[in-house]
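Protein chains: 2
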Amino acid sequence: MRISTLLTSSIPFGHNFFNRRALASSSLAFRFRTMADSSEDSLRKALSEKQSEVESQGNQVRALKEAGAAKTELDAAVKALNALKLEKTSIEKNLQAIISGPDGGSVNKEAFRQAVVNTLERRLFYIPSFKIYGGVAGLYDYGPPGCAVKSNVLGFWRQHFVLEENMLEVDCPCVTPEIVLKASGHVEKFTDLMVKDEKSGTCYRADHLLKDFCKEKLEKDLRITSEMAMELKEVLSNLDVLSAEELGECIKRYGITAPDTRNPLSNPYPFNLMFQTSIGPSGVSTGFMRPETAQGIFVNFRDLYYYNGNKLPFAAAQIGQAFRNEISPRQGLLRVREFTLAEIEHFVDPEDKSHPKFSDVAHLEFLMFPRDEQKPGHSARIISIGEAVASKIVDNETLGYFIGRVYLFLTHLGIDKNRLRFRQHLANEMAHYAQDCWDAEIETSYGWIECVGIADRSAYDLKAHSEKSKVDLEAQEKYSEPREVEKLVISPVKKVIGLAFKVDQKKVLEALEAMKEEEALKMKTDLESKGEVEFYVCTLGKNVSINSSMVTISKEKKKEHQRVFTPSVIEPSFGIGRIIYCLYEHSYYMRPSRDGNEQFNVFRFPPLVAPIKCTVFPLVQKPEYEEVSKVISKSLTASGISHKIDITGTSIGKRYARTDELGVPFAITVDSTLSLRDLRTWADVWSAFPHHSSGSVDE
Amino acid sequence: MRISTLLTSSIPFGHNFFNRRALASSSLAFRFRTMADSSEDSLRKALSEKQSEVESQGNQVRALKEAGAAKTELDAAVKALNALKLEKTSIEKNLQAIISGPDGGSVNKEAFRQAVVNTLERRLFYIPSFKIYGGVAGLYDYGPPGCAVKSNVLGFWRQHFVLEENMLEVDCPCVTPEIVLKASGHVEKFTDLMVKDEKSGTCYRADHLLKDFCKEKLEKDLRITSEMAMELKEVLSNLDVLSAEELGECIKRYGITAPDTRNPLSNPYPFNLMFQTSIGPSGVSTGFMRPETAQGIFVNFRDLYYYNGNKLPFAAAQIGQAFRNEISPRQGLLRVREFTLAEIEHFVDPEDKSHPKFSDVAHLEFLMFPRDEQKPGHSARIISIGEAVASKIVDNETLGYFIGRVYLFLTHLGIDKNRLRFRQHLANEMAHYAQDCWDAEIETSYGWIECVGIADRSAYDLKAHSEKSKVDLEAQEKYSEPREVEKLVISPVKKVIGLAFKVDQKKVLEALEAMKEEEALKMKTDLESKGEVEFYVCTLGKNVSINSSMVTISKEKKKEHQRVFTPSVIEPSFGIGRIIYCLYEHSYYMRPSRDGNEQFNVFRFPPLVAPIKCTVFPLVQKPEYEEVSKVISKSLTASGISHKIDITGTSIGKRYARTDELGVPFAITVDSTLSLRDLRTWADVWSAFPHHSSGSVDE
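Given below as structure tokens:
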């Protein structure tokens, strides 16, 4: 296999499938870890040269020894060898530093992630599902604080999208009959490529094994040639588009074996990622757990359009569970077998994708990474969405409007705007029918993670369901005044045709009427010039002679009162669990205790997101303070404000440390006076103002 | 089969399974349609006697005719026959009236239901799922207003239960590995009995067919004997507890055939109602879509107990999808294959089921139907929950507290308190381990529907998972002071036993130490009286002789610092979709148009539940009114109030009619002044006050 062929290999299928694959690897992190590329390349070359020098100098020393050379001569040679080795070590260090990145690389990232994840698991933000039975890979529970965060994120999503934009929210079942997912293409194409350990039968994702191999080589093996490094990088950046055959070839070529046993691997073959089941007791009706919520909206288009007064544009939205039977889930909360999606399908006239509220977002500026700029040496840059649409970087206003709204949504939740970018899909990442597609990617310890996909999917989905169900999924535009249009009119003369073709007359008639415009116009010209033409009637399986007396073909002006068309759909699709995980990483930091001997974990959530808004505690244990605390608690409950009351005698410092781990933004302390603590500005407040200190405060 | 045996047939399994079955039929509606029973019975007898009289008089007339009797004699006989026939018709009418009930019976109910359902479907409260593909039985989508109602109901549930009671909310996956559902008993017992059309293979629920037969006979066939009527009623009230064999016998006995084809039916056999699937690519790991959310809480007990500071009582809650692969779903939204459950598991010390907030609900009075009163001639009566607990009708305070809270929850949503009752499970309805169980039942056109089950399940679930997973799921009560307890101490004298039993000594030792209290005490007495006893060591498979020098057995007082126990669980479980459907029926009414020529559909939702809180419209079409309407709309959006703006020129009456169908409780009309319409009191307001009328108002 020549690697260059990979770059042109065709994309098997559309957006949903492709997105899933793109998500699967964080290969993009590699593709764009660019800046360093040229120096990495020259260092690899230098290292390989230095290695040769070390070897040849080593040989020379050995030869001198064998020849019994003079001590001074030998010493000089050894000294030169050592100098070369030092130079080599220095090059290796530089190379390692570049490979690991400026921040110390994956080691630091993993330590950071471990600190976040430990706090999350200890405070039950999430729990591996069915833990007492050993758990199931890729399934997680949200514990109390995680569940509250999720509920807050979804509540804000409803306010920000559904309510603000007057969307039509629907709620469809997860169990989906086969025919729906055949129409959408999932039954045939929603697959990952799998390999099996030929002896133990353990399954692996083929691209994961190849990715691990390439990463390992590139990061740990300093001796690979510059050419080999280039090749491995090219493999990595094309992982998503490798065919089964190409993947298989790579696995053979690099001698990749099963990671656990070192046994040989089978050839890669497709595994459908949908959970399959059977609907009803007969066993003959196949169903699947939906892999996305969008299809439930598409199949309801006709009713929703009617509900909206037969007017476009309008958007429908759905929040719900989706299921993907991953081959071997990893990356914790980022790659799971069941997850919550929030999806919007905005239906719009393909001839008018303007948006009345675009001016509300046009001024927003954020990191965008257009298709053409995704090459070595470039990274995302700040562009205003108004400019991006005006300069056609983003295809249309409606798509641009949603990109802006998604930006506002994510940053309001607490996503750091400096670690959020909108990346445009490359041409070979998009489905053939897609008009344009942008992913909101958030940077985490795992690299850049796609959390929201915003795609202009043209009319593909509605057409697919319309074709399969034989139900029209169309919209009409009523003209305010009738419009004149030119239409081709084919008028066969029945009597003449009847006499000429007898029993075949019906088939000839139908064939004439069924002619496409181009064919009919050619016949018209031919009849005008020759008076007679040969005409193939497929239902008869032969040619017949048609002359000018048998048919008139003309272009006529007609008045039309409306236009009928299949709407385009613009789809923002949110992976809620991923957004929440990214939020955890972006909200987490450590603060030292007052004496500097301890480190406390803090989640600095915006109040909007915080699982518990407020803690209430008496500064010292006194019955009257407890009473006051309970009164406050009661009135907070009545106002629907989640809070925690802590009347333990523990020191205030420890109590703050406890609530900091849960990201509680406010605290009410009861003393002779009431005080309000606002975590969001705590660090600033602490350093800026004089503060009361008592014996029981340990920070 | 003698019907009386049915009454004593044992219950196969616990609450979840049993509940499901109880839900399956509205047989209770029959069991308690009592009052009429005695007159029904005497009418059936009278009818049967009258029928005999008619027949014998008929025979007499025929005999007179054949004998050529005199006209006067024949006329008198015919007159008597006609009089008898009239009397018979009159009895039939009375009987039919009693069977149909005072309100005209099932015909009226079905017409009412049809009116509700038509409005619901037309306004997209719900939509049969995958409609363009012909739909799937038992699967429904919530359209925009239905989705908003659901979201409001769940929001209020969170406020009323989770927040008010400081519950620990969790969110677990639907995909569940087999071992969890084996422990809970679902894999073995979560079944319904099914029969197959022996020729076409179509599947039916055996109890449904039997129920339909009995209902049809009782309601339509006036000629069945009083004894037969009694028998059929007894079958109906025992449908839930019939074994496969008993059901099969009934089907044979009554000659029931397949409803569509009249083909013979197979014997009933169990069909597991869980949707089965496979987790991961290997195909060897069986999973199911969870049939309830509760198991996800039980398996997390240990972590949640820790999260709660190792303190009891506490409650965990979960809202989520559950799945039941019904054999042949019917009853529309009441029996579906996928639905939203909201479940609470309140963990409590079995020795202390008091509730600190019980006094908050003790005064509440509502319809309760205790077990002992569920017999002919009785119906639910108003009892205060305080009295019910005090008189031990309800087992304990915590159970009583939740019954009270459920009452408040349902009535706040808009459920009519006169059509809501709390029915206690009969002894044969409950699982053997259940302490007590009450269902909140709501009366609808389908009869009384169980919408919430509130059960004291003792320690059953935690023990089942602890046994299967080998993980302790226990709580500790730390004593404030150590307590003295008497403990049995068995001290074998190793040296003596070693000398006596040589190679067998270890087995003898272990057997002695493993003795149960009773056995040990008997040995102690025997040793004291006889000095030597025979002792069976099962690991040796034989008796050995034990004498007083080999073991001392004594009762000693020990100090204990804590008590370790498995908590009891009190489980309120809410079928959200059912509650919502009942709410629709209770909120629906028809109001005539002003001219009385039309009937308008109205849902009178409380603002809390209403899918759209408010409509805004200009009374007449004027640009300045439109502007004002838009300003109002914007500020409603900003306050998070869902609303609809209607600037069409349609008449105000029609616009009100439209919003009434969606249950919009408020309207803001824009004129030279602003007016607020409050639908909740509209009818009263309309009749009580003089009202402005303009040409465009048509009501």
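Chain order of the listed sequences is A and B. Note that the working numbering numbers the first sequence so that position 407 is 580, with each residue one more than the last. Note that the working numbering numbers the second sequence so that position 543 is 716, with each residue one more than the last. For every residue, glycine included, the Cβ atom is placed at its ideal position computed from N, Cα and C. Just so we're clear, the structure is a prediction, and the values are computed from it rather than from any experiment.
Anyone know if the C-beta pair for residue i and residue j falls short of 7 Å?
i, j, result
"residue 507 of chain B", "residue 756 of chain B", "no"
"residue 516 of chain A", "residue 746 of chain A", "yes"
"residue 732 of chain B", "residue 659 of chain B", "no"
"residue 781 of chain B", "residue 329 of chain B", "yes"
"residue 744 of chain A", "residue 628 of chain A", "yes"
"residue 625 of chain A", "residue 579 of chain A", "yes"
"residue 817 of chain A", "residue 788 of chain A", "yes"
"residue 685 of chain A", "residue 665 of chain A", "yes"
"residue 311 of chain B", "residue 510 of chain B", "yes"
"residue 568 of chain A", "residue 608 of chain A", "yes"
"residue 420 of chain A", "residue 365 of chain A", "no"
"residue 784 of chain A", "residue 321 of chain A", "yes"
"residue 820 of chain B", "residue 799 of chain B", "yes"
"residue 264 of chain A", "residue 220 of chain A", "yes"
"residue 623 of chain B", "residue 612 of chain B", "yes"
"residue 786 of chain A", "residue 815 of chain A", "yes"
"residue 412 of chain B", "residue 390 of chain B", "no"
"residue 409 of chain B", "residue 268 of chain B", "no"
"residue 642 of chain A", "residue 305 of chain B", "yes"
Which bits of chain B does residue i rub up against, with CB to CB less than 7 Å?
i, result
"residue 892 of chain A", "The requested residue 892 of chain A does not occur in the structure, where chain A is confined to residues 174 to 872."
"residue 444 of chain A", "454"
Closer than 9 Å by beta-carbon distance: list the chain B residues that pair up with residue i, in chain order.
i, result
"residue 638 of chain A", "305 and 306"
"residue 624 of chain A", "Per Cβ cutoff of 9 Å: no residues; residue 624 of chain A is ~19 Å from chain B at best."
Which bits of chain A does residue i rub up against, with CB to CB less than 9 Å?
i, result
"residue 449 of chain B", "450 and 451"
"residue 547 of chain B", "Result: empty, since nearest Cβ-Cβ is about 33 Å, beyond 9 Å."
"residue 498 of chain B", "348, 450, 451, 452, 453 and 454"
Could you list which residues in chain A have their beta carbon closer than 7 Å to that of residue i, in chain order?
i, result
"residue 302 of chain B", "345 and 346"
Taking DSSP's pairing of strands, which residues face residue i in a bridge?
i, result
"residue 660 of chain A", "A:729"
"residue 494 of chain A", "A:513"
"residue 848 of chain B", "B:842"
"residue 818 of chain B", "B:789"
"residue 520 of chain B", "B:487 and B:742"
"residue 376 of chain B", "B:369"
"residue 438 of chain B", "B:370"
Please list the partners that residue i has in chain B, where partner means a Cβ-to-Cβ separation under 8 Å.
i, result
"residue 748 of chain A", "None at all; the shortest Cβ gap to chain B is about 15 Å."
"residue 374 of chain A", "455"
By the criterion of Cβ-Cβ separation under 8 Å, what are the contact partners of residue i in chain A?
i, result
"residue 350 of chain B", "303, 306 and 309"
"residue 353 of chain B", "303 and 306"
"residue 577 of chain B", "None at all; the shortest Cβ gap to chain A is about 17 Å."
Where are the alpha helix (DSSP H) runs, 4 residues long or more, that stay fully inside the segment 698 to 785 of chain B, in chain order?
DSSP runs (the alpha helix (DSSP H)) wholly in the segment 698 to 785 of chain B: 749 to 760.
Could you please tell me which residues of the segment 795 to 826 of chain A, in chain order, have their CB closer than 8 Å to any CB of chain B?
Residues passing the 8 Å Cβ filter: 810, 813 and 815.
Please specify which runs of the alpha helix (DSSP H), each continuous and at least 4 residues long, are wholly inside the segment 594 to 666 of chain B, giving them in chain order.
Fully enclosed alpha helix (DSSP H) runs of 4 or longer: 633 to 642.
Enumerate, from N- to C-terminal direction, the unbroken beta strand (DSSP E) stretches of 3 or more residues contained entirely within the segment 319 to 373 of chain B.
Counting whole runs of 3 or more residues, the segment 319 to 373 of chain B contains the beta strand (DSSP E) stretches 341 to 343, 348 to 350 and 364 to 369.
Give the residues from the segment 306 to 320 of chain A that approach chain B closer than 7 Å (Cβ to any Cβ), ordered along the chain.
Against chain B - using a Cβ distance shorter than 7 Å - the residues of the segment 306 to 320 of chain A are 306, 309, 312, 314, 315, 316, 317 and 320.
Please specify which runs of the alpha helix (DSSP H), each continuous and at least 4 residues long, are wholly inside the segment 218 to 297 of chain B, giving them in chain order.
The segment 218 to 297 of chain B contains these whole alpha helix (DSSP H) runs: 244 to 273 and 279 to 295.
In the segment 522 to 595 of chain B, which residue ranges form an unbroken beta strand (DSSP E) of at least 3 residues, counting only runs that do not cross its ends?
Correct list: 538 to 542 and 554 to 557.
Interfacial residues, the segment 721 to 746 of chain B to chain A, with Cβ spacing under 9 Å
Taking 9 Å as the Cβ-Cβ cut-off against chain A, none of the residues of the segment 721 to 746 of chain B qualify.
Chain B contacts from the segment 467 to 481 of chain A (Cβ-Cβ distance under 8 Å):
Residues 469, 472, 473, 475, 476, 477 and 480.
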